[in-house]
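**Q** Here it is: the structure, laid out below.
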Amino acid sequence: MAQRICFLGRGGSGKSTVAQNLCHALAQKGYHVLLVGNDISLSSTVLLRGEADIQPALEDYREHYEIDLNDYVITTQSGVYCLELGSIDPGVGCMARGVSLIDEMLDTQGVNANLQIDYIFYDMSGETPCTGYVLPIREGVMQRCIIVTNGSFAAVTTANSLLQAIVRASGTDTFPVQLIVNNAGTRETRDELASYAQRATIEILAHLDYDRELEYASLAGRTAFSVNPDSSASKLFSQIADDLLCGAIPTRLTPIPRRELITWLRGWQRRELERKLLTLEGARDV
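Residue numbers (the working numbering): 512 to 797.
What follows is the structure, given as structure tokens:
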């Protein structure tokens, strides 16, 4: 049975880039991976499919109420299968309910069996963990979540809100959740995020520092592997894929209460300001 992994995170955290490169890494290791995107821009799969056209499945379903998902899954040169759900009309419907519907259809219409899917990655758009947003977790669709964050204060706040929603939706505080820290910027920021992870008892799956080759590959609309499989970025994603294959050990998740989180963030901001002022004074003394 395919393992479902949900990728969550604030917009701009690099979540989609991370998910697509991890899919490519797993495909290179011989795994059959399906990446499901649900962003209005259809950007969740663009690095894998390039300029290949893809028809959003949910948009057609809402019009016809009957579709064959086999017609909507495309095979990319990387070996990764891609499916885009599209968006919903503003103020109408619930995207997360659509995710649950499509996931059921992947089984009932034989897509997973026909393609022998090992992993399904859901790249979930959005930042507000409303009831519908976490429905796939509550209904047991997702077996594991990976939250992607970066070194911004807002991204950490979003990560904590998502963690709170996961705990409520899953009905347990031991749901398998991991954190990927993407482009934290400095060692000090890494340390701050490590402090948060320790307080929230969430495992850090990987750290991704800024990589010029990865940035250029993304700007070119490609994964790191399709540009240079021997690059430092490709090797790092390959290692992260190995770690991902080891599974996530459930821990007792302890998202930080709002008051405590605000106090912690203010402390981080003060420490960051002090570091920047010291750097500025040092530059003036030179």
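Backbone N, C-alpha and C define an ideal beta-carbon position, used for all residues, glycine too.
Computed from a predicted structure; not experimentally measured.
What do you reckon, is the C-beta of residue 766 under 7 Å from a heavy atom of the ligand ZN?
**A** This structure simply doesn't include the ligand ZN, nor any ligand for that matter.
**Q** Does DSSP put residue 767 in a helix, in a strand, or in coil?
**A** Of the three classes helix, strand and coil, the one that applies to residue 767 here is coil, per DSSP.
**Q** Residue 547 and residue 594 look like a contact to me (Cβ under 8 Å); what is the Cβ gap, rounded to whole Å?
**A** That belief holds up - the Cβ atoms of residue 547 and residue 594 are roughly 5 Å apart, short of 8 Å.
**Q** Could you pull the start and end residues of the alpha helix (DSSP H) that residue 753 belongs to?
**A** That run of the alpha helix (DSSP H) goes 743 to 756.
**Q** Report, in whole angstroms, the separation of the C-beta atoms of residue 764 and residue 697, which I expect to be a contact under 8 Å.
**A** At roughly 27 Å, the Cβ-Cβ gap does not stay under 8 Å, so residue 764 and residue 697 are not in contact.
**Q** Smallest Cα separation from residue 732: which of 538, 521, 561?
**A** Residue 732 has its Cα closest to that of 561, out of 538, 521, 561.
**Q** Pick out the complete beta strand (DSSP E) segments inside the region 561 to 616, 3 residues or longer, and give them in chain order.
**A** Fully enclosed beta strand (DSSP E) runs of 3 or longer: 592 to 595.
**Q** Taking 8 Å as the cut-off, decide whether the C-beta atoms of residue 592 and residue 568 are in contact.
**A** Cβ distance not < 8 Å, so residue 592 and residue 568 don't count as in contact.
**Q** With residue 714 and residue 762 assumed to form a contact (beta carbons below 8 Å), what rounded beta-carbon distance in angstroms separates them?
**A** That pair is a contact at about 7 Å.
**Q** How would you label residue 648, buried or exposed, when you count the other beta carbons within 10 angstroms and need 16 or more for buried?
**A** Result: buried.
**Q** Roughly how many whole angstroms lie between the Cα atoms of residue 678 and residue 767?
**A** Going by the C-alpha atoms only, they are around 12 Å apart.
**Q** Helix, strand or coil: how does DSSP classify residue 689 here?
**A** Note: residue 689 maps to strand in three-state DSSP.
**Q** Return the CA-CA distance between residue 676 and residue 712, expressed in angstroms with no decimal places.
**A** Taking the straight line joining both Cα atoms gives about 15 Å.
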